[in-house]
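In the working numbering, each residue carries its 1-based index in the sequence shown increased by 317.
Working notes, structure below.
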Amino acid sequence: MTLSVGPKLGLLVHGALGEPHYDELMAQWRALDTLIQCNVISMALATPPGSPADGATYIVAASPTGAWTDKATNLARWSAVLGAWEFFAPKEGWKAYCLADDLDHKFNGTAWVIAGGGGGSGIVESIVAGSGISVNNADRSEERRVGKECSSACR
């Protein structure tokens, strides 16, 4: 029987008992270790760092070189077990937290962008029970208070 992988993460979803799929299974565990609650060290590197720790993960920047050549936008994870980089081509909707800029990012199908809220132009500054939501627009030139009191429609 042939091994089968799922459409979302490319994880092994079916293989007959006794088939030699150990290597694929171990690669799958490394993928899960990387992709679940994904965080990356940086998104600014186009060249692999010299001495990465096991599991060190980066989003490869534009115009990559060395072992990262042709892997722009991929997640690159160093495997000490393999002594090599493993790559994960992102799918639209994947999210990653970047430690370098302290922001959540989302893959939009072609690039990683800062993950936003509900699509409005404001930035939620704070939510204080009973006092409404303070919202600033992107250039912070205007502040307004929203939802001082909840209408009957939201009760």
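Note that CB positions come from ideal geometry on N, CA and C, so glycine has one too.
Q: May I ask you to report which of helix, strand or coil DSSP gives Asp421?
A: strand
Q. If Asp421 sits next to Lys412, beta carbons under 8 Å apart, how far is it from one beta carbon to the other, in whole angstroms?
A. 6 Å
Q | Local Cβ density within 10 Å of Val357, reported as buried at 16 or more and exposed below that | A | buried
**Q.** Spatially closest choice to Asp371 from Thr364, Trp402, Cys355, by CA coordinates
**A.** Trp402
Q) From which residue to which residue does the alpha helix (DSSP H) around Ala348 run? A) 339–352
**Q.** DSSP-derived helix/strand/coil call for Ala384
**A.** Helix at Ala384.
Q. On the three-state DSSP scale, how would you describe Thr374?
A. strand
Q: With a threshold of 16 other CB atoms inside 10 Å of the CB of Tyr339, please say whether the residue is buried or exposed.
A: exposed
Q: Can you grab the Cα-Cα spacing for the pair Thr386 / Ser380, in whole Å?
A: Each residue's alpha carbon lies about 8 Å from the other.
(Q) Using 7 Å as the threshold, is the C-beta distance between Leu399 and Ile376 below it? (A) no
Q | Ala373 to Ser396 span [Cα, whole Å] | A | 8 Å
Q | CA-to-CA distance, Ala428 to Ala378, given in whole angstroms | A | Distance between the alpha carbons of Ala378 and Ala428: 10 Å.
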